[in-house]
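These notes concern the structure reproduced below.
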DNA sequence: CGCCGAGTTGAACTGAATCAAGAAACGTGG
DNA sequence: CCACGTTTCTTGATTCAGTTCAACTCGGCG
């Protein structure tokens, strides 16, 4: 899960009483600091924490036949959790690690559930986030299905040029669904 | 958007007062009948209708470089809308058509919004649907990224063998992200 | 009976993976 | 701050899965 802009964007669209609910939400969040290379979540475990990143960058990945496949990169202003596990509270297939020193604010699954109980209007927050996340994912799925390695790389450079500075190319490669060698060639050829 | 089982599954997990909200929801839905080949939505228009299918099958597709690409097939017990448009009320890139004579129950975007207003707990309905849809889509995106044409075809035959009986192979092919020729070969080779 | 779309089959071609080797960058300890 | 080993990235040669183009088959349906 990986939603842009989110909290600020969301809050600006809120009514006063909704904003109050958001205050409660934010007050429940706990600050965390992680150093580069730290593991936030391991595959096989149940993930019950949702992180909002204020500094740093986090990689979500898993193993497919021994090979490490990157699924998303989550940066400042975005949220990350092992989504498969968090939603259903079942063991996750994903690993989550920091790629830089990172600061997050986190909330647990239980706290979130109790938010829904106490403040039904808070469901709206998650609904809107999920919808946006869904649309982003549709775009990603289609980009993999329909675009060549070259096109996918170019789309990424347009959408998030900074990411290439922050993340190893081998991770970018698996994220794009291509081999590191192909990514290298795509980058040196440039135009075609 | 394409969620399995949904209304029945969902209702069985509801508390009495939640079930009441669902009654309101259902009472707002309007029955529709379409014949085979009818167009439910056209790309470029804003889609403000959500359909729940009780009979028939519907194909969502769009054009990429003149080519018709199938995105999903929605069957009985599932919901369909031009998701990109419905969520944000912007013009859609998708077309939606029936592949058989089809019966649906539909609700408009405005009615749904007013449901949220009047019954905040209804947000939960959409939240849970979106989450499930999200997880399904993640699986689909990964299947395209990581599996060969053969594997994708086999996954589909396991997950939904009936679909192959109801849908032209050329549509199955674009849905799987392969050419009709490759699909044909995959089907005749069988094992490998 | 002949047409038409759907599906199959064959041959040539191509984008990307794989395998292998070398170059560059990185970081850790002395 | 340099030296060394490790990891990351590039480059080349080969191979392969899947596309494209083209011809052909089959099953309706006017």
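Chains as they are written, first to last, in our numbering: chain A, 119 to 310; chain B, 119 to 310.
Every residue gets a Cβ at the ideal spot worked out from N, C-alpha and C, and that includes glycine.
Bear in mind the structure is a predicted one, so any value in this text is a computation, not a measurement.
Taking the beta carbon of residue 304 of chain B as reference, no residue of chain A falls within 9 Å; the closest one sits roughly 17 Å away.
The beta carbons of residue 267 of chain B and residue 300 of chain B sit closer together than 8 Å.
Nearest CB-CB separation between residue 238 of chain A and chain B: below the 8 Å threshold.
Look at the region 235-266 of chain A: the residues with a C-beta under 7 Å from a C-beta of chain B are 238, 239, 241, 242, 244, 245, 248, 249, 251, 252, 253, 255, 256, 258, 259, 262, 263 and 264.
Taking the Cβ atoms as the reference, residue 262 of chain A lies roughly 6 Å from residue 259 of chain B, within the contact range of under 8 Å. Between residue 181 of chain A and residue 189 of chain A, the gap from beta carbon to beta carbon reaches 8 Å or more. One finds 249 and 253 in chain A with Cβ atoms closer than 7 Å to the Cβ of residue 205 of chain B, taken in chain order.
With 16 or more other Cβ atoms from the protein chains shown falling within 10 Å of its own Cβ, residue 241 of chain A counts as buried. For the 8 Å CB-CB criterion, residue 223 of chain B and residue 192 of chain B do not form a contact. By the Cβ test, the region 139-157 of chain B is not in contact with the region 280-300 of chain A, since fewer than three Cβ pairs between them sit closer than 8 Å. Secondary structure note for residue 186 of chain A: its beta strand (DSSP E) is the uninterrupted segment 185-192. At least one beta carbon of chain A lies nearer than 8 Å to the beta carbon of residue 295 of chain B. Contact between residue 255 of chain B and residue 271 of chain B is ruled out by a C-beta separation of about 19 Å, above the 8 Å threshold. A Cβ-Cβ distance of about 6 Å is found for the pair residue 217 of chain B and residue 285 of chain B, placing them in contact under the 8 Å criterion. Residue 202 of chain A places its beta carbon less than 8 Å from that of residue 253 of chain B.
Per DSSP, residue 160 of chain A is not a residue of any beta strand (DSSP E), being assigned neither H nor E.
For residue 281 of chain A, the enclosing alpha helix (DSSP H) covers residues 281-284.
When the five nearest sequence neighbours on each side are left out, the beta carbons in the same chain lying within less than 6 Å of the beta carbon of residue 149 of chain B are those of 223, in order along the chain. Looking at the backbone, the Cα of residue 257 of chain B and that of residue 221 of chain B are separated by about 28 Å. By the rule that beta-carbons nearer than 8 Å mark a contact, residue 202 of chain A touches chain B.
For residue 306 of chain B, the number of other beta carbons within 10 angstroms of its own is below 16, and it is reported as exposed. Secondary structure note for residue 153 of chain B: it is in no alpha helix (DSSP H), with a DSSP letter that is neither H nor E.
The alpha helix (DSSP H) runs lying completely inside the region 216-266 of chain B and spanning 4 residues or more are 227-236 and 241-264, given in chain order.
Your pair residue 232 of chain B and residue 139 of chain B does not check out as a contact, with CB atoms roughly 13 Å apart and the cut at 8 Å. Residue 288 of chain B has no beta-bridge partner at all, per DSSP.
Under the Cβ distance rule, residue 208 of chain B does not count among the residues neighbouring chain A, no pair being separated by less than 8 Å. Going by C-alpha positions, residue 213 of chain A is about 40 Å away from residue 184 of chain B. Annotated three-state conformation of residue 307 of chain A is helix, per DSSP. Our two residues, residue 208 of chain A and residue 275 of chain A, have alpha carbons roughly 35 Å apart in a direct line. For residue 187 of chain B, the nearest CB of chain A lies under 8 Å from its own CB, placing it at the interface with that chain.
Contact with chain B is absent for residue 288 of chain A, since none of that chain's Cβ atoms lies less than 8 Å from the residue's Cβ. Distance from the Cα of residue 187 of chain B is smallest, within the candidate group B/206, B/204 and B/161, for B/161. Assignment of residue 170 of chain B by DSSP, reduced to helix, strand and coil, places it in the strand class. Residue range 201-206 is occupied by the alpha helix (DSSP H) that includes residue 205 of chain A, with no beta strand (DSSP E) assigned at that position. Of the candidates A/206, A/177, A/205 and A/210, A/177 places its Cα closest to the Cα of residue 194 of chain A. Looking at the backbone, the Cα of residue 151 of chain A and that of residue 210 of chain B are separated by about 42 Å.
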